[in-house]
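2 protein chains.
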Amino acid sequence: MASGVIGRSIRRVDGEEKVTGRAKFADDLGVRGALYGRIVLSPYAHARIRRISKDAVRGVAGVVGVFVAGDLPSGGAAPSSRAGSLLARGEVRYAGEPVAVVVAETEAAAQDGLERLAASVEYEPLDALVDPEAAAAPGAPLVQPDLSGKSAEALLHAALRTEEEDAQGPSNVTSRVRFSRGDVGRGFAEAATVVSRRFRTSVVHQSYIEPHATVAEYDPYARRLTVWTATQGVFYARESIAATLGLPETSVRVVPMTVGGGFGAKIVLLEPLAGALAMALRRPVRLTLTRMDEFRTGTPAPQSILDVKLGARRDGTLTALQARLLFDAGAFPGAPVSIAALLLAGAYRLDHLDVRGQEVLTHKAPVGAYRAPGAPQATFAIESVVDELARALGHDPIEFRLRNVVQTGDPMPNGEPWPKIGLRDAVEALRKDPLVRPRRRAHGGEGVGVAIGGWLGGLEPASACIRMNTDGSVHVLVGSVDISGTSTALSQIASQALGIPVEQVRIVSADTDGAPAAGMAGGSKITYTVGAAVQAAGADARRQLIRLAASRLEAAEPDVEIVDGRAQVRGAPSRGVAIADLVKMTSGFGAAHPPVFGVASQAITHRAPAFGAHAARVRVDAESGRVRVTEYAVAQDVGRAINPAAVRAQIHGGVAQGIGWALLERMDYDDAGTLSTGSFADYALPRATDVPMMRDRLVEVAAEHGPYGAKGVGEPPVVPVAATIGNAIADATGARVDRLPMTPAAVVAALRGSTGT
Amino acid sequence: MASGVIGRSIRRVDGEEKVTGRAKFADDLGVRGALYGRIVLSPYAHARIRRISKDAVRGVAGVVGVFVAGDLPSGGAAPSSRAGSLLARGEVRYAGEPVAVVVAETEAAAQDGLERLAASVEYEPLDALVDPEAAAAPGAPLVQPDLSGKSAEALLHAALRTEEEDAQGPSNVTSRVRFSRGDVGRGFAEAATVVSRRFRTSVVHQSYIEPHATVAEYDPYARRLTVWTATQGVFYARESIAATLGLPETSVRVVPMTVGGGFGAKIVLLEPLAGALAMALRRPVRLTLTRMDEFRTGTPAPQSILDVKLGARRDGTLTALQARLLFDAGAFPGAPVSIAALLLAGAYRLDHLDVRGQEVLTHKAPVGAYRAPGAPQATFAIESVVDELARALGHDPIEFRLRNVVQTGDPMPNGEPWPKIGLRDAVEALRKDPLVRPRRRAHGGEGVGVAIGGWLGGLEPASACIRMNTDGSVHVLVGSVDISGTSTALSQIASQALGIPVEQVRIVSADTDGAPAAGMAGGSKITYTVGAAVQAAGADARRQLIRLAASRLEAAEPDVEIVDGRAQVRGAPSRGVAIADLVKMTSGFGAAHPPVFGVASQAITHRAPAFGAHAARVRVDAESGRVRVTEYAVAQDVGRAINPAAVRAQIHGGVAQGIGWALLERMDYDDAGTLSTGSFADYALPRATDVPMMRDRLVEVAAEHGPYGAKGVGEPPVVPVAATIGNAIADATGARVDRLPMTPAAVVAALRGSTGT
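Going line by line, the protein sequences match chains A and B.
Mind the numbering: the first sequence is residues 15 to 771 in our numbering, read in order.
Mind the numbering: the second sequence is residues 15 to 771 in our numbering, read in order.
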């Protein structure tokens, strides 16, 4: 047994190549003869395309192709997703929508062509629906009259049992969800205090360092499209490319490249377009977005409007919750309204609840996933109200939550029981943090806030293969990609399952030709689901090794153990054989034993939700409204920390991004739907000085089906940060800020308007 | 059931990309920043290297590195193989041995550097051992005094139980084999006629169209060497590279490229050297041989000297065989002497035999494998003698063979019983060919000859994986490469096993990171061994599909069948579901069924030898000695022809190469060991006009362990060709040519020296 590799903070397998700048990104690829594509993006949120003059580009040296919608395959039905809509047909529906493409021998030529082509487009501007409430109103003009089907992203995040309301007639509301229980009227009547508030959150960009980049090459003779791309999900990308371009899946190979930050936004975007261009030109084509393109045509997190009403008895017992969620999906469906509604209403025991959610289309960039999609917004709303209610009733915010939080077996808003969860354990762990115990009195604009939040954890079937090499080393083949350190965890799982030192294990995230099935790296599920397959494949390979060793050592199989890369007879370690020598028995001309090949396929159907409890200390400058987070503590249920350093890194990164949500980040649109924050000069990200030192407490409530008890840890830490900071601001100032980000201006406004609590 | 796909002549899956010139070869690879290497080859067969002046290359623009042996890793012990010996150390042992390498930014700069560097090397010529008999003599100076271990190639082809003689003291004889049975003295005494002859064969080059080419790239941060190469065996190449460079196997990735002809010679050659250069320079390096390099430093088939003595009773029953084989391995061991000895003595029932074989080192290029290594040489000798004996006794050559050929269960020369074989069936099938029935009398320099020969068939463990895609298509993942049409056969096997149309099946020959284990494409074993794994993996996947379908259709599993890509209830085909819909049940967020992933690992331990019987008509110009093959017929036991067109193509190609062996091909060395045939101007290959139309009869004696009864078909057809043509010449002229190739000069000499039979 490679004892103790589970729970050991080993170095990340991808660390060295990343810190030395050698990791290979899609844009680094040297594909011979590759052309450069640049995309003309609509400057209007809504307009008719009157004319595009390809002639405008004639004479630009190096340009080899100009494409508009009619030049490319339509993929059959009207597209239901951003990625499936290659170029706008006739009308643009958001500022930033791809309208045409110039492809050239060099980047400079493509840029020249782009400028001329963009200037040649004649638009007839039309009224733009920018405000989600106006768009949701009955009788509003339709953003997508021809929309067919549901977006895949909506389906992805809505693998939940929900109660859906039927729409009445055509509408921009493309998805409705409702969770209800009991009788909220009676519940509010039983309450001693009721708090009701409306919250607003902004469009937030995932702001990965690496912009979207993809290279596609088509071989017309082998009828084979190869796409190199920084995707979080190779099979999902392949399915989307094949469907959009009308190819069988065996004709599309998606090769995963290093992801330079994904956070949910690197699933599929430019890949079908790049593929279509490569097929049309029969030469490799590279598409890389500029940073401004990223802001204009990326898939940010949705803005939302959340109305929350919550009541409690004098003793602090919550009685009823009523909420309305409106998520603005932009021009294609895909907003995470179901999961947001479920999480908003899910963390507390409530006899009476009524939560309704809607997704609405507007003339804005279509939204995508961003780390725990929907959860930061929902949690900001509910945790602000819980905090306000606790204060109103004079309860300690920690004790108030401990009294009300759900436990294993309590019903979720959709009626299903909560699986095993460690929410209460996380709150109790946080209670031990110096930041909240003993609760120091705020002084001089300083305050402490707490909040809780979490994530259900994704599920998706996966297979894994383990192949032993003749030198005793191990290849583990998976179909998932590593965006957060999962390969390191998988190597630890394989090492432990096999009894072979972790240094001898290599994880391979294969392309779609070779990889076993796996879901995308999204939903905090790779370690949980693919890890389970790796653990089982490791056990399978270990059984095969023990069978070989037993025959070689002339021992009974139960008497053979594997210790540090050697098979030996229990109690007689000198009777042993190196793993390498066992593998050699299976290799070479005439070898008499089948290869050692461990394989497992799984479909875990039990979720492993993961919750955390956060506390922050802030200092608020009442005059400027500026907020500084000076101290931060997290207690998070991680199931089992396979690699504690990596888990901590996830927590720290999640909190840093949460600080962006809380205080800084917002994509601003004017009334015409035009983006006014198209660069990092206008869009503020947290800097190192905005992020305080953190304390983390890893709570280990083992997941029953996760490998060695592990559960997903990537998404939960971003969830409660904005609420935690909002609650700390309220503690410091008495004022409740009801919108994100809580910019100095918003804080000043809240201070002026507030009557205190 | 995709009925009838086994036995159907479908088009080769790699056909279109090859005939259109789009198949990607290693030299076509556009690896960004790749450097070009050129290798200085020794002009001397044996010499001391006095001095190499790197300064000679200083000043050549574009040269970035010059390397001699001391600059590169030694791989620990003294090398035991050609590939493991990167560059000569101190002494060269064959003309063509790599001495130094120049690496440059361009091919032209590398060539400039090469010329200057080559001119700068000072050699002290030493006596060269060129004649194998002189080298084998006791007391001969040693070619490789430091040789450690056996060559891997020798091991590969010698996975046979043999009786080995011990060497007495240091010698150039690096391998000895002996098969004996009964008492040959008694056997010859019982004979009415005894024929005894000495045969000589020449060094023959595999003459693939594509010269050796390999590109290597090293990432020092990820500690990862990637090698793109046209290898017949990715795992074998990886093991050799890793061992030579001292890397773990997880640090080496071998990516198989299209093989532009291999025939046994594309296993591993330049790969370790390319890897060493890429590691030293930290830039990608490409090594491609020129055609002249190929002749000088390739690994051709060995020359041999074979003494055969065979006796028979008047009734035609063979009584005894005595033979001596001497194979000249060149400067490293690796000649196929065991298999040659076994095949020489194996095809006939003999109570008395004594066969001894030796491999000897000389100062010539080290030999390698070439289609049925050792068999054309051995078969030329034995089948010539059998023919001569039949003539001497006045027997029909077909009947004579039918009386004596081995059948299933007869002992092989090593005492093991022959597994199920179809040798007799093949001879009987040939008997029906118009070429031999009725036997037309030769007239005017025309004659007909027959011969038999075959191949044992290789064995090596293999795994295979089958993954179902969400559109119902299928990926089959194997670790073998396709050098002869095997991917087409594997796609047919998978199609049949799954019940899914063959057009929806794609075979992936993965790189060593992702591939399941498999042996090299050598020994005619890919369809037999990997095909068996694919068939079993297909059955595994089919079971999983049926389980899903049974649950979906609410039927019992035994009632569900798969027909043309659809699962349906037997007898009620309208109750069915598309495979794609079953696969969708296993994919996506929250799917409740594990992925359909068929896997199998096998280690077949039963050989499936394959024999053929050939007949040729020739016309001999007695004056010039020129031989023309005018008609050719082959009957070959192929077990089961998965794809008859592909099997026929193997037969036709094998016969064409055999005509080269028989009449044209020879690498000539002078007494100093210098090659005088370094181009296709000097080395004659068969042209289209040298190859007659052929008739083939596929005999199907099903292999018990092969997929659908298939056995290896690639190597057997080259085996008896030279003997068949030699026997036809004897029939036409009465003269026996005892050496290969049977050039006009050799024929004229035989005619002059012959007394007839």
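Using N, Cα and C, we set each Cβ at its ideal position, and we do this for glycine too.
Note that the structure is predicted; figures quoted are calculated from it, not measured.
Opposing strand residues paired with Lys323(A) [DSSP bridges]: Ser210(A), Gln336(A)
Chain A residues whose Cβ lies nearer than 7 Å to that of Phe277(B): Within chain A, no residue comes near Phe277(B); the closest Cβ sits about 17 Å away, beyond 7 Å.
Where Ser638(A) sits in the DSSP three-state scheme: coil
Nearest candidate by alpha-carbon position, reference Ala40(A), set Asp527(A), His226(A), Val648(A), Arg46(A): His226(A)
Enclosing beta strand (DSSP E) for Gly463(A) [first to last residue]: For Gly463(A), the enclosing beta strand (DSSP E) begins and ends at 460-469.
CB contact below 9 Å: His719(B) versus chain A: no
For Arg654(B), three-class secondary structure by DSSP: coil
CB contact flag (Val19(A), Ser509(A), <9 Å): yes
Pair within 9 Å by beta-carbon distance, Arg640(B) and Leu473(B): no
Endpoints, beta strand (DSSP E) assigned at Asp368(B): First-last of the beta strand (DSSP E) with Asp368(B): 366-375.
Gly740(B), enclosing alpha helix (DSSP H) - first and last residue: 735-747
Extent of the continuous alpha helix (DSSP H) to which Glu129(B) belongs: 121-134
Chain B within 9 Å of Arg300(A), Cβ atoms only: no
C-alpha distance - Ala6(B) paired with Gly537(B), whole-angstrom precision: In the structure as shown, chain B starts at 15 and stops at 771, and residue 6(B) therefore has no counterpart that could be examined.
Min CB distance Gln518(A) to chain B below 9 Å: yes
One or two residues paired with Pro431(B) in a DSSP bridge: Pro425(B)
Neighbour flag for Val45(A) against chain B, beta carbons, 9 Å: yes
Per-residue burial, Lys212(B) [other beta carbons within 10 Å of its own, 16 or more giving buried]: A quick correction: the sequence has Arg, not Lys, at residue 212(B). Burial call: exposed.
Chain-order list of residues whose beta-carbon lies under 7 Å from that of Gly278(A) (same chain, five-residue window excluded): Only Gln220, Gly382, Ala383, Tyr384, Arg385, Pro387, Gly536 meet the Cβ criterion.
Three-state secondary structure (DSSP) of Arg64(B): strand
Endpoints, beta strand (DSSP E) assigned at Gln616(A): DSSP places Gln616(A) in the uninterrupted beta strand (DSSP E) bounded by 611-616.
Own chain residues within Cβ distance below 6 Å of Val248(A), not counting five before or after: Val268, Pro270, Thr526
Expected contact under 8 Å - CB spacing of Ala443(A) and Ala649(A) to nearest Å: 4 Å
Residue from Asp197(A), Tyr235(A), Ile255(A) whose Cα sits closest to the Cα of Thr34(B): Tyr235(A)
Whole-angstrom distance between Ala290(B) and Glu31(A), CA atom to CA atom: 21 Å
Residues bridged to Phe341(B) (per DSSP): DSSP, once it has assigned bridges, lists Ser318(B), Glu373(B) as partnering Phe341(B).
Beta-carbon contacts of Ala206(A) that lie in its chain and below 6 Å, excluding the five residues immediately before and after: Setting aside the 5 residues that flank it on each side, Ala206(A) is surrounded in the same chain by Arg327, Arg328, each with a C-beta closer than 6 Å to its C-beta; the list follows chain order.
Own chain, CB closer than 7 Å to Asp439(B), minus 5 neighbours either side, in chain order: Asp651, Val713, Val715
Interface flag, His171(A) vs chain B, CB-CB below 9 Å: Confidence is the limiting factor: at His171(A) the pLDDT is only 46, short of 50, which leaves the residue's position unreliable and the question unanswerable from this model.
Own chain residues within Cβ distance below 6 Å of Ala172(B), not counting five before or after: At Ala172(B) the pLDDT is 43, less than 50, meaning the model places this residue with poor confidence and gives no usable figure here.
Chain B within 9 Å of Arg36(A), Cβ atoms only: It does; some Cβ of chain B falls within 9 Å.
Span separating the alpha-carbon of Asp775(A) from that of Val735(A): Residue 775(A) falls outside the range modelled here, since chain A spans only 15 to 771, and no answer is possible.
Close Cβ partners of Thr500(A) (< 8 Å) along its chain, the five nearest in sequence each way excluded: Ser494, Ala535, Ile540, Thr541, Val544, Gly545
Alpha-carbon spacing of Ile396(A) relative to Arg753(A), whole angstroms: 13 Å
Beta carbon proximity, Glu637(A) to chain B, threshold 9 Å: no
Residues of its chain near Arg556(B), where Cβ-Cβ distance is below 7 Å and the 5 sequence neighbours each way are ignored: Ala511, Leu512, Gly513, Ile576
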